[in-house]
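In the working numbering, the protein residues as written are 8 to 114.
The structure is reproduced here in structure tokens:
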């Protein structure tokens, strides 16, 4: 097993976890301060759905990416592409969730 592959995989997966934690905290704060949202242009349910869906999908992507990366490492195959893909897919998921939130609140 390559030490560089292992290190890159661990770093990418740790960044994925940190990104997920930051997104969860940010999402909670976005929803907590939604009280100034005018009902004509804003949907609190839509905002909650966008945030919750993005977090749930990212959690599934993160868990799947972690499992695939571990399997690749135990097979002694390159695992870093899977770890980096997991990170990138989570970034895209959070971006799309943010776009959904923006559409729901009329931003």
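In this text, a Cβ means the ideal position worked out from N, Cα and C, and glycines have one as well.
All values reported here derive from a predicted model rather than from experimental measurement.
Exercise. When the Cβ atoms of the region 89-104 are set against those of the region 67-74, are three or more pairs found closer than 8 Å?
Worked result: yes
Problem set entry | C-alpha distance - residue 107 paired with residue 13, whole-angstrom precision | 35 Å
For this session: Kindly list the residues whose CB is nearer than 7 Å to the CB of residue 48, restricted to its own chain and excluding five residues on each side of it in sequence; keep chain order.
Result: 113
For this session: Just mark residue 89 as buried or exposed, buried being the case when its beta carbon has 16 or more other beta carbons within 10 Å.
Result: buried
Problem set entry | Proximal residues to residue 87 (C-beta, below 7 Å), its chain only, five neighbours per side dropped | 12, 15, 16 and 19
Exercise. So, is residue 81 buried or exposed, given that buried needs 16 or more other C-beta atoms within 10 angstroms?
Worked result: exposed
For this session: Identify which residue in 78, 93, 61 and 74 has its Cα closest to the Cα of residue 35.
Result: 61
Problem set entry | Buried/exposed call for residue 32, threshold 16 Cβ in 10 Å | exposed
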